[in-house]
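Just below is one structure, and these are the notes that go with it.
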Amino acid sequence: MTEPRIAWVTGGAGFIGSALSTSLVERFDKVIAIDNLLAQVHPEGQPAAGFDSRVELLIGDVTSADTWETALSQGKPEVVVHLAAETGTGQSLRESTRHTMVNVVGTSLMLDQLQSHQAIPRRILLCSSRAVYGEGAWRREEGPQAGELFYPGMRTAAMLGAGQWDFPGAQPVAQDARRVTVHPESVYGITKCAQEDLLTLWGDAFGCEIVILRLQNVYGPGQTPGNPYTGIMSIFSRLAREGRVIPLYEDGLVRRDFVIIDDVARACLLALEAKTPPRFPVDIGSGVYTTIAEAARIIARIYGAPEPEVTGQWRHGDVRHAWADSSGAAQALGFQAEIGLEQGLQKLTNWIDQTWQRDKS
195 MTEPRIAWVT GGAGFIGSAL STSLVERFDK VIAIDNLLAQ VHPEGQPAAG FDSRVELLIG
255 DVTSADTWET ALSQGKPEVV VHLAAETGTG QSLRESTRHT MVNVVGTSLM LDQLQSHQAI
315 PRRILLCSSR AVYGEGAWRR EEGPQAGELF YPGMRTAAML GAGQWDFPGA QPVAQDARRV
375 TVHPESVYGI TKCAQEDLLT LWGDAFGCEI VILRLQNVYG PGQTPGNPYT GIMSIFSRLA
435 REGRVIPLYE DGLVRRDFVI IDDVARACLL ALEAKTPPRF PVDIGSGVYT TIAEAARIIA
495 RIYGAPEPEV TGQWRHGDVR HAWADSSGAA QALGFQAEIG LEQGLQKLTN WIDQTWQRDK
555 S
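The structure is reproduced here in structure tokens:
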């Protein structure tokens, strides 16, 4: 008798896991979502919107051996989508033990349990983050070293306090794992680097294919609007819906790469189904940057809210610019984002409006 094809999704009741759920149950005999339904992410104690009821929800902590024992009692997973992580970049500095326990120890415990039960999957997909790059690489524009890449590191409090947002005489470059090295500048970023290294080493040792996707700013329907550590698109949408002014930090010209959940879910499926796993981490984004001010203006326009205002406020540890070079994803996975920002924000705001109306009735 043929054994059932099983897929695990750690953090599977969250935003990305729920968006993947229907596609996975159509491809595997059994899909198990392992999630602790953390109140910060799941304020009502329920999976995110779109979670397919055919997925088996295993409520458990990834740092507990009992969780993995329970999951393994149902059979060996063919693939694992590893999403479980504490994600608050600023929060990670104040609660570093919590983030390290979940992101690093939770990952290593999963790997130990898989190995000890002789249940090595065919492939593990890790959803990593742009946070591994920190401030990323910049290109010098002046002097004898013009044209060279350098890594300036985190902007200092003195720079930010003086309103010096960019590094003088230089321009940022797109994030590309083939050319830009990792320089994490947050506890969260460090833990994501550790996940990448742990999985790469373990996969090589035990014959498991490892695919790493470094995600840019993911947004879209299903993202918890009330979570203070969720994406800024949901936060901006909530403010604009209430008729409030969207505040813009620094000078409003911070660059980000906003990629809608639909495209991210498709990238994950391509990563699971690729005949040959990519030899390098793959950057997943729209491939273009948008300033925070531009994104805020689109949202304000949708709701007829006041024009966003630059406040000059800043947060220590925020990176100035981040966006993906999309050519790596095209080369490795045949992936290219299909939904532009204006269309994506319309989908997000429509979903927020529908959710608000349903909750009100």
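Under this note's numbering, residues 195 to 555 are what the sequence shown spells out, in order.
All residues carry an ideal CB built from backbone N, CA and C; glycine is no exception.
Please determine, among the options, the residue with the shortest C-alpha to C-alpha distance to residue i.
| i | options | result |
| --- | --- | --- |
| S480 | R514, S521 and G337 | S521 |
| A313 | S290, G269 and H236 | G269 |
| T301 | P441, W359, A213 and T257 | T257 |
| F452 | G425, F344, G383 and T549 | G425 |
| G357 | W508, Q548 and R199 | W508 |
| A265 | W202, V448 and Y345 | W202 |
| V482 | I533, P475, L527 and V235 | I533 |
| R435 | E467, P475, W550 and L466 | W550 |
| E379 | Y345, S267, E280 and D457 | Y345 |
| L466 | I546, F529 and R514 | F529 |
| Q537 | A468, Y413, L464 and Q307 | Y413 |
| V235 | V274, A399, E280 and D255 | E280 |
| P366 | L447, H311 and D223 | L447 |
| G594 | F430, R514 and D519 | The chain is shown from 195 up to 555; residue 594 falls before or after that span and cannot be answered. |
| S428 | I492, L463 and I546 | I546 |
| D306 | S322, P338, A399 and Q339 | A399 |
| S322 | F474, G437 and R514 | F474 |
| H293 | I384, V274 and D457 | I384 |
| Q339 | S267, A364, I318 and K386 | A364 |
| G506 | A352, I200, A278 and L442 | L442 |
Taking only the alpha-carbon atoms, compute the straight-line gap between residue i and residue j and give it to the nearest angstrom.
| i | j | result |
| --- | --- | --- |
| Y327 | I406 | 14 Å |
| P415 | R373 | 33 Å |
| G239 | W332 | 43 Å |
| N544 | T484 | 21 Å |
| A242 | E336 | 49 Å |
| T375 | G330 | 8 Å |
| C402 | Q309 | 11 Å |
| S217 | D246 | 9 Å |
| E263 | G211 | 21 Å |
| A459 | F361 | 35 Å |
| A461 | E220 | 16 Å |
| L231 | V225 | 17 Å |
| M295 | V381 | 12 Å |
| I454 | D512 | 21 Å |
| D370 | A516 | 11 Å |
| T261 | T196 | 26 Å |
| E444 | V249 | 43 Å |
| I228 | L251 | 6 Å |
| A494 | L392 | 43 Å |
| W359 | T350 | 10 Å |
| A233 | G208 | 11 Å |
| I440 | K541 | 19 Å |
| A614 | A489 | Residue 614 lies beyond the range of the chain shown here (195 to 555); nothing can be said about it. |
| P500 | G437 | 7 Å |
| M304 | R334 | 43 Å |
| Q410 | I253 | 28 Å |
How close, in whole Å, do the beta carbons of residue i and residue j come, if the pair is a contact with beta carbons under 8 Å?
| i | j | result |
| --- | --- | --- |
| D477 | R408 | 5 Å |
| L539 | I496 | 7 Å |
| H276 | L214 | Going by Cβ atoms, the distance from H276 to L214 rounds to 12 Å, so no, they are not a contact pair. |
| A388 | V504 | About 36 Å separates the two Cβ atoms, so there is no contact after all. |
| H377 | G355 | Contact doesn't hold; Cβ gap of about 23 Å is too wide. |
| P502 | I404 | Not really, about 41 Å apart at Cβ, beyond 8 Å. |
| P315 | E272 | 6 Å |
Starting from residue i, follow the beta strand (DSSP E) in both directions and report where the run begins and ends.
| i | result |
| --- | --- |
| C321 | R317 to S323 |
| L407 | E403 to L409 |
| I478 | V476 to I478 |
| A364 | A364 to P366 |
| I200 | I200 to T204 |
For the alpha helix (DSSP H) that residue i lies in, which residues bound it at each end?
| i | result |
| --- | --- |
| D306 | G300 to S310 |
| E390 | V381 to F400 |
| A523 | S521 to L527 |
| V458 | I455 to E467 |
| T294 | S290 to T294 |
| R491 | I486 to Y497 |
| R432 | I426 to R435 |
*What residue ranges within the region 214 to 282 form continuous beta strand (DSSP E) runs of no fewer than 3 residues, ordered along the chain?*
224 to 229, 250 to 253 and 273 to 276
*Please go through the region 328 to 368 and give each complete alpha helix (DSSP H) segment of 4 or more residues, from N-terminal end onward.*
351 to 355
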